[in-house]
Amino acid sequence: MEIQDIIQGLTQAQITAITSPDERSLIVNTTLNQAVIFVNGTFKQASFTDTDDIPEGTTNKYITTSDLDQITTNQTDITSLQTGKEDAFGKNTAFNKDFGTSAGEVLEGDTTTITPTQSGDISTNNAKVSFPEAPSDGKQYARKDAAWDEVTGGGGSSLIACCPFGAKSDSTGKFLIANGRSTDADDSTKPKTRQPIAAAGTLTKLAYKTKDGSTSTRMKIHVNGSVEATVVLSSMNANDGGIETISVSVDAGDYVEIEYDGSQKPGECTMYFIQELS
């Protein structure tokens, strides 16, 4: 095949009239001084001044100096484009996708993941922090190891002395007088040693001084008329006094009495309780 068989010089009208061109032909438009190539069933114009209509392949792509200038002088546009792509892709997803994790997870050094357990709003995380709030029951608490420990009375128990009385026993050992006077000691019509309770708590100690008691003297403790405890004055010292440990619960408004129970009569004596407040 000769070259003249491939190159055809035709007018624009002649080119337009072609319905079945030879795909091997290079047609020259003699009207516009342009070359026309038939590619994939359509005519592609090859301009000597404009390359936009040349079919692109693997060997005819190029970039002009003007295009390069646009890249180097349009930094603002490039930054905006990158920012838009970042937001569209999602920062968490973009970061973690490279590590094979899900969005919102962060890799530890051993490639396991730390799964988020806290809300982004830290005000909702009170129940999940490593140092939980103390109980809100009106009591005082101090931190002890991994838990809260109740502090009673600002660091220790509140103790008060209560229900003091002095009395003289009759021949049977019965106390006759509350805070009694010697002139009334033999008047059996006087009240017994009855004392009121001002606050709830526990009677923990009985302090006493007797005239005739011994380490075998037994006393009964009444609360509101009922015997709640019996105590032996076993700690009595050489001064006929001492302190005994007891445990009797009382409430505000209760009244307490001391009564001789057996063995050596105490005679004239003074006594009072130590109370631990609730």
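In our numbering, the protein residues as written are 13 to 290.
Just so you know, even glycine gets a beta-carbon here, dropped at the ideal spot from N, CA and C.
Q | Spatially closest choice to I255 from V163, P144 and A219, by CA coordinates | A | A219
(Q) Is it the case that the stretch 258–278 contacts the stretch 218–236, given that we only count it when at least three CB pairs across the two stretches are under 8 angstroms? (A) yes
**Q.** Boundaries of the beta strand (DSSP E) in which Q207 is found, first to last residue
**A.** R206 to P208
Q) Assuming T216 and T257 make a contact with CB atoms under 8 angstroms, what is their CB distance in whole Å? A) 7 angstroms
Q. Name the DSSP beta bridge partners of G253, please?
A. K221
Q | Close-in-space but distant-in-sequence residues of the same chain around S261 (CB under 6 angstroms, 5 per side omitted) | A | T214
Q: Put A154 into one of helix, strand or coil per three-state DSSP.
A: strand
Q) Helix, strand or coil: which one does DSSP assign to D263? A) coil
Q: Taking only the alpha-carbon atoms, compute the straight-line gap between P208 and P144 and give it to the nearest angstrom.
A: 42 angstroms
Q. According to DSSP, is L299 helix, strand or coil?
A. Outside the modelled stretch of the chain, which goes from 13 to 290, sits residue 299, for which no answer is possible.
**Q.** Three-way DSSP call (helix, strand, coil) for D273 in this model
**A.** strand
Q) Since D161 is in the beta strand (DSSP E), which residue starts that stretch and which ends it? A) A159 to V163
(Q) Using a 10 Å radius around the Cβ and a threshold of 16 neighbouring Cβ atoms, would you call A159 buried or exposed? (A) exposed
Q. Thinking C-alpha only, which one of K151, F177 and D252 is nearest Y267?
A. F177
Q) Using DSSP with H/G/I as helix, E/B as strand and the rest coil, what is E145? A) coil
Q: Could you tell me if T229 is buried or exposed, where buried requires 16 or more neighbouring beta carbons within 10 angstroms of its beta carbon?
A: buried
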